[in-house]
Amino acid sequence: NRIINDQNKFYSRKVMFIADYLDEYNLKLEYIKTDYNVADIFTKNLSPTKHHEF
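Here full-length UniProt numbering is used: position 2 in the sequence shown is 2, and no number is missing along the way.
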């Protein structure tokens, strides 16, 4: 639903840009649980057990 009005104009432009980009390059967004997100190594303190898992 890509309808723009005064209340959601800025938000809709950002969402539409991202949606168009995903469509153009055939990309898919997926949710990754924090337990499997390798980038969390750099943003969170890890317990020794989690550190060894990565």
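Heads up, the beta-carbon is just placed ideally off N, CA and C, and yes, glycines get one too.
Given a cut-off of 9 Å, decide if Lys28 and Leu22 are closer than it, judged by their beta-carbon atoms.
yes
Using DSSP with H/G/I as helix, E/B as strand and the rest coil, what is Thr43?
coil
In three-state DSSP terms, what is Lys28?
coil
What three-state label does DSSP hand Lys14 in the structure shown?
helix
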